[in-house]
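Enquirer: The sequence shown begins at 202 in the working numbering and counts up one residue at a time. All residues carry an ideal CB built from backbone N, CA and C; glycine is no exception.
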Amino acid sequence: MDKPTGTVTFLFTDIEGSTKLSQNFPETLPEALDKHHSILTEAVESNNGFVFKIIGDAFCCAFQNTEHAVKAAVDAQIKLNSEEWKDAVIKVRMGIHIGNAEWNGTDYMGYITLARSSRVMSAANGGQILISDKAYEKVKFNIAGQISFRDLGERRLKDLIQPVKLYQILSPGIPSEFPPLKTLDARPNNLPRQLTNFIGREYEIPEIKKILAVSRLLTLSGPGGTGKTRLSLQIAADVIDEFANGVWIVELAPLFDPELILLKICEALGINEQPGDQTQKGDTESTLLNYLKGKELLLILDNCEHLIRACAEKAEMLLRNCPKLKIIATSREALRCEGEVIHKVLSLAHPEPKDINTPLELSQYEAVRLFIERALAVNTDFRVTNENAPALAQVCYQLDGIPLAIELAAARIKILPLEKICEKLDDRFRLLTGGKRTALPRQQTLKAMIDWSYDLLNEKEKILFSRLSVFTGGWTLDAAEEICRDEITDIFEIMDLHSNLLDKSLINKTEVNGGLRFNYLETMKQYAKEKLDPGDEVFKNHLNFFLKISDQKEMEVSGKDQKQWVKQIDSEADNFRAALQWAAENDQTAACIMINNLTDYWNLKGSFMEGLQICKKLLNSNLNVDEIHKANVLYNAGVMSNYLGILTEAEKLGSESLIIYRKIDYKEGISKCLLMLGVVFHVNPSRINQTKKYCDEALLLAKETGNKSILANAFFNMSYIAVTEGKNDLALEYRLQSLELYRKLKNFHQVSMTLSGLSVYECRRNDYDKALLYNEESLAISYELNDKYLISINLINLGHIYKGLKDYDSAFRYYNESLTLLREYSYKSSLIVALMSLGEILIIKGEYKEAVDFNKESIRIGKENANEYFLAANLYFLGSAYFELKDYETSLRYFLNVKNLTEGVYNPIAADNLKIAEERRNKIREIIGNDNFEKIISEVTKMSKDEIVDFVLGS
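#1: According to the Cβ coordinates, are Glu217 and Gly296 closer than 9 angstroms?
#2: By Cβ distance below 7 angstroms, which residues in the same chain neighbour Phe583 in space, the five residues on each side in sequence not counted?
#3: What span of residues does the alpha helix (DSSP H) with Met669 cover, start to end?
#4: So, at 7 angstroms on beta carbons, what are the nonlocal neighbours of Glu1140 in its own chain, with the 5 sequence-adjacent residues on each side left out?
#5: Look at Ile348 and Ser372 and say whether their C-beta atoms are less than 9 angstroms apart.
#6: Put Leu561 into one of helix, strand or coil per three-state DSSP.
#7: Please list, in chain order, all residues of the same chain as Lys482 whose beta carbon is under 6 angstroms from its beta carbon, the five residues on each side excluded.
#8: State the start and end residues of the unbroken beta strand (DSSP E) segment that holds Arg356.
#9: Could you tell me if Lys873 is buried or exposed, where buried requires 16 or more neighbouring beta carbons within 10 angstroms of its beta carbon?
#10: Ile375 to Val365, Cα distance in whole Å?
#11: Is Asn804 buried or exposed, if buried means 16 or more other CB atoms sit within 10 Å of its CB?
#12: Between the C-alpha atoms of Asn709 and Tyr721, what's the straight-line distance to the nearest angstrom?
#13: Whole angstroms is fine: what's the gap from Asn1017's alpha carbon to Ile997's?
#14: Keeping to the same chain, check which residues put their C-beta closer than 6 angstroms to that of Leu991; ignore five residues upstream and five downstream.
#15: Between the Cα of Leu876 and those of Glu852, Ile861, Asn558 and Ile865, spot the shortest distance and give me the residue it belongs to.
#16: If the criterion is Cβ atoms closer than 9 angstroms, does the pair Ile994 and Ala972 meet it?
#17: List the residues that DSSP assigns as beta-bridge partners of Asp215.
#18: CB Arg1094 to CB Phe1055, shorter than 9 angstroms?
#19: Since Asn720 is in the beta strand (DSSP E), which residue starts that stretch and which ends it?
#20: In this structure, does DSSP put Asp970 in helix, strand or coil?
#21: Please list, in chain order, all residues of the same chain as Pro560 whose beta carbon is under 6 angstroms from its beta carbon, the five residues on each side excluded.
#22: For Tyr836, is the classification buried or exposed, using 16 other Cβ atoms within 10 angstroms of its Cβ as the cut-off for buried?
#23: Taking the alpha helix (DSSP H) that Ala325 falls in, what are its first and last residues?
#24: CB-CB under 6 angstroms to Thr480, same chain, minus the five flanking residues each way: which ones, in chain order?
#25: Between the Cα of Gln599 and those of Glu574, Ser548 and Arg356, spot the shortest distance and give me the residue it belongs to.
#26: Based on the DSSP output, what are the partners of Lys366 in its beta bridges?
#27: What is the residue span of the alpha helix (DSSP H) that Asp235 lies within?
#28: Between which two residues does the alpha helix (DSSP H) containing Phe1013 stretch?
#29: Report yes or no: do the region 503-517 and the region 676-684 share at least 3 C-beta pairs separated by less than 8 angstroms?
#30: Using CA coordinates, which residue listed in Asn343, Ser808 and Leu385 is at the minimum distance from Arg357?
#31: What do you reckon, are the CB atoms on Val245 and Leu212 nearer than 9 angstroms?
#32: Give the DSSP bridge partners of Tyr309, in chain order.
#33: I'd like the list of long-range same chain contacts for Trp449, defined as Cβ closer than 6 angstroms, with 5 residues on each side in sequence excluded.
#34: Does DSSP put Ser422 in a helix, in a strand, or in coil?
#35: Of all the options Glu1041, Asn343 and His237, which has the alpha carbon lying nearest to the alpha carbon of Ile279?
#36: Where DSSP assigns a beta bridge to Ser532, which residues make up the other side?
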């Protein structure tokens, strides 16, 4: 059957006293539950209903027709009532309600309708069927048989919004008389009626109720605007049946005299002072204690933070003297009373900006559901679409899921589209105004909400609160103590002040890798930034602190500590970006030094694009620093351009830095620059002599200066030259020498790089077992360093190994896995290899047209980045693909170009295939005829490399 959708009638059921039944009748209850499930399922399905969810013993059922829902409920109650139960007698309460809901394939979307259906059911007693006025209106004239309805009047359900008229369904065969309904009217209370629905906290509320069941003082603590008051009211409504003398809220926000707290409680309870024993502390206290003694009552002390000490004292006194009293306090900081249990009220769940969310996916988030309902209240035409869903996700994320902020933003839907609201969030304190006139002043604007908390701070707390905004992405306590102190406030005082801000919910903490990190909600951070003087010394302190961490020598980083250093930089990556940005504008020399320090990190992480962009931004500014600093930035930019495969730019930057290094006679700089340029030249076989020249000079300088790191790099580069020249034994010797040095230096990144090179070497020798061993160690290191570049090239090497083992499916999987990383991080040199290798595997698998696309993309990227090293190999694979596709003339052009590009040059990838290419050229001569063959030869012979590439990309 089609699932009901649109306007749906819901029947919700629940077994009364199921917990007691399980405790009293553990042996017979399972059989009783089976009968219960069978009766309900049959009643629902025989009346065209759909059981869409069973939670424990509670049934959630949907009907397109309200009459069917009523008939199903009556049928079920008649059968349940006539059933001969053993010990465990099952009594089921039922509720029927109608409203809008959409079936998404797994569940119903329509939070308000579903929540109201649940509340109608919860008001019933076991064996009783209740129906809401909306559902009653649908069936009052149409119901057949002996079914009738009893008007129970308007009742306040436990969702606190406007009263709902309820009816009891009557029928022969089911009881008609029951105890009072379980609504708010059944117990005394002063809980205010709410004009809007309570959204979210579905998983949080049961946990809080469990805490309240075993505790007498529960504090809901959290930042302003997170909905502590509304949550406390909902909890109180849910548990009202447990308190014979009701639940009562005491609003303390307007109160500023702590002596009036007890009087305020008396007013809320509706009791007047009576003349009392003058030996008591006062008439008010005496009157209140006399009234509360022996009463089962829940008291909500709302908004305690500005009277925190007095509230704590009064709460302790009341609990000590009134054994059946329980208190829920809401506050931006804990009361710190004996027996207090603190529950942190966090923001509502909200989407992350990196997630791609459809309207359906977004509706799973509490913050989004709240925004939608409040937006519909001011603009009934509002809809979430594929077009505005990203803006909605961004709004909820930028506002940290803070309910008050989201409600204020949703109110703007009346005059602004979602996209405009999102754009204006940078000025959120001006945008998010205009709350309800009846709300407290601090709840009418976002700024007023934070002003309330800020104004409660002392002067030193205010200074620290603003200074902490210098951090981006959080901070540690050590960093806060070092950066935020001044001549007046020392480290120990910073620690105390910091703790105060945490207690007052102005900052928050999370545990990361066994340590604590602190942060603001984004809205709090923007507020704090507005309070911070741009000339505050804290910016310079922040730069100096992170400059020191970035310096491996200063931090005494070596060997095994390198991995820890990388993790430390990882955890503070956003702070380093912020420090670099400030330094670029205020201290260019420090910016250059930090870039030089962090280049190792960017290389270790494979974050070449980020490092290159930072270098280029500084180089493109009016850089006015000592020549060595400029040369270092140029060199580092060249290194990262080379890794990214942007070879023309790498050569330009490297050459500029080499000129400066030679000018100032900085031998270490000269040698490392020569090695970097040698790697750039190495990808072009025609420049192999220049590569050798540079490597030889760098090797001499390394030996002269005794720099073992550069010496290891020189051996590493010499191994590539040996491979290019076909001197495999010499290449192996160089690589083993470099590996030995890197291991001694405990340079794990280069150990992994060298092991990767050794894996490739053994793969070419067809020793796949040894290749796998090298690769396994290299990959393990790269994963530990979280080095995306090394991970990607090791995945490519695994592809090579499994290709050699003729396990082509595994080879394709590893090449394809590397492709995802290579594209994401723009590692173009390796991307060329991965694309070419995927093309080769597809040819082997007979998927020739798909292979052509991969090999052409490989050539295109090579052209863009002046990387000709794999051109001949790509041409060979394209020739092979077109040969199998029987496009012989195109195939011939590719094979002829392979021959032209490899004559006189050793190309380790294409050379093994030259013989096959020659055999296929001869075969094509037979197929197309000698005249056509010679004509194509004459055309191809005249083509330059650029013309070859243009031909490939144009064909």
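Expert: For this structure:
#1: As a position in the sequence shown, residue 217 is number 16, starting the count at 1. As a position in the sequence shown, residue 296 is number 95, starting the count at 1. Contact: no.
#2: Position 382 of the sequence shown holds residue 583. For Phe583, where only same-chain residues beyond five positions count, the Cβ hits under 7 angstroms are Ala576, Leu577 and Ile614.
#3: The count along the sequence shown starts at 1 and reaches residue 669 at position 468. The residue asked about is misnamed: residue 669 is Leu in this sequence, not Met. Per DSSP, Leu669 belongs to no alpha helix (DSSP H) and is neither H nor E.
#4: Reading the sequence shown from its first residue, position 939 is the one you call residue 1140. Residues of the same chain with a CB within less than 7 angstroms of the CB of Glu1140, apart from the 5 flanking positions on each side, do not exist.
#5: Working through the sequence shown from its first residue, we reach residue 348 at position 147. Working through the sequence shown from its first residue, we reach residue 372 at position 171. Contact flag set, yes.
#6: In the sequence shown, the residue the question calls residue 561 occupies position 360. Helix, per DSSP.
#7: The residue given as residue 482 occupies position 281 in the sequence shown. For Lys482, the pLDDT reaches just 49, beneath the cut-off of 50, and the residue's location in the model is therefore unreliable, although a value from the coordinates is still provided. Result list for Lys482: empty, nothing under 6 angstroms.
#8: The count along the sequence shown starts at 1 and reaches residue 356 at position 155. DSSP places Arg356 in the uninterrupted beta strand (DSSP E) bounded by Ser349 to Arg356.
#9: Numbered from its first residue, the sequence shown carries residue 873 at position 672. With 16 or more Cβ atoms within 10 Å of its Cβ, Lys873 is classed as buried.
#10: Here residue 375 refers to the residue found at position 174 when the sequence shown is read from its first residue. Here residue 365 refers to the residue found at position 164 when the sequence shown is read from its first residue. So the two alpha carbons sit approximately 24 angstroms from each other.
#11: Along the sequence shown, read from residue 1 onward, the residue named residue 804 stands at position 603. Buried: at least 16 other Cβ atoms inside 10 Å.
#12: On the sequence shown, position 508 is the one that residue 709 refers to. On the sequence shown, position 520 is the one that residue 721 refers to. Spanning the two alpha carbons is a distance of roughly 6 angstroms.
#13: Numbered from its first residue, the sequence shown carries residue 1017 at position 816. Numbered from its first residue, the sequence shown carries residue 997 at position 796. Approximately 9 angstroms, taken between the alpha carbons.
#14: For this step, residue 991 is matched to residue 790 along the sequence shown. Taken in chain order, the residues that qualify are Ser953 and Ser983.
#15: By 1-based counting over the sequence shown, the position of residue 876 is 675. Closest option to Leu876, Cα to Cα, is Glu852.
#16: Here residue 994 refers to the residue found at position 793 of the sequence shown. Here residue 972 refers to the residue found at position 771 of the sequence shown. It is not a contact, given that the beta carbons lie outside the stated cut-off.
#17: Translated into positions along the sequence shown, residue 215 becomes position 14. Paired residue(s): Arg294.
#18: Taking the sequence shown and counting its residues from 1, the one referred to as residue 1094 is at position 893. Taking the sequence shown and counting its residues from 1, the one referred to as residue 1055 is at position 854. Result no, Cβ atoms of Arg1094 and Phe1055 do not sit closer than 9 angstroms.
#19: If you number the sequence shown from 1, residue 720 lands on position 519. Asn720 -> beta strand (DSSP E) spans Gly716 to Asn720.
#20: In the sequence shown, residue 970 corresponds to position 769, counting from 1. Correct three-state label for Asp970: helix.
#21: Taking the sequence shown and counting its residues from 1, the one referred to as residue 560 is at position 359. If we look at Pro560 and ignore the five residues flanking it on each side, its Cβ neighbours are Val585 and Ala590.
#22: Here residue 836 refers to the residue found at position 635 of the sequence shown. The C-beta of Tyr836 has 16 or more other C-beta atoms within 10 Å across all chains shown, which makes the residue buried.
#23: If you number the sequence shown from 1, residue 325 lands on position 124. No alpha helix (DSSP H) contains Ala325, which DSSP labels as neither H nor E.
#24: By 1-based counting over the sequence shown, the position of residue 480 is 279. Confidence in Thr480 is poor, its pLDDT being 40 and thus under 50, which makes the residue's placement unreliable; the coordinate value appears in the next sentence. There are no such residues.
#25: Position 398 of the sequence shown holds residue 599. Closest by alpha carbon: Ser548.
#26: Here residue 366 corresponds to residue number 165 of the sequence shown, with the count starting at 1. Answer is Glu355.
#27: Position 34 of the sequence shown holds residue 235. Note, Asp235: alpha helix (DSSP H), Leu230 to Glu246.
#28: In the sequence shown, counting from the first residue as 1, residue 1013 sits at position 812. Here the alpha helix (DSSP H) through Phe1013 covers Tyr1009 to Tyr1026.
#29: no
#30: Position 156 of the sequence shown, counted from the first residue, corresponds to residue 357. Selected option, being the one with the closest Cα: Leu385.
#31: If you number the sequence shown from 1, residue 245 lands on position 44. If you number the sequence shown from 1, residue 212 lands on position 11. Going by C-beta atoms, Val245 is nearer than 9 angstroms to Leu212.
#32: In the sequence shown, the residue the question calls residue 309 occupies position 108. Partner(s): Trp304.
#33: Locating residue 449 in the sequence shown gives position 248, where the first residue counts as 1. Result list for Trp449: Asn391, Ala469, Leu470 and Leu500, in chain order.
#34: Translated into positions along the sequence shown, residue 422 becomes position 221. It is a strand residue.
#35: By 1-based counting over the sequence shown, the position of residue 279 is 78. With distances taken between Cα atoms, Ile279 lies closest to His237.
#36: Residue mapping note: residue 532 aligns to position 331 of the sequence shown, counting from 1. Ser532 pairs with Ser422.
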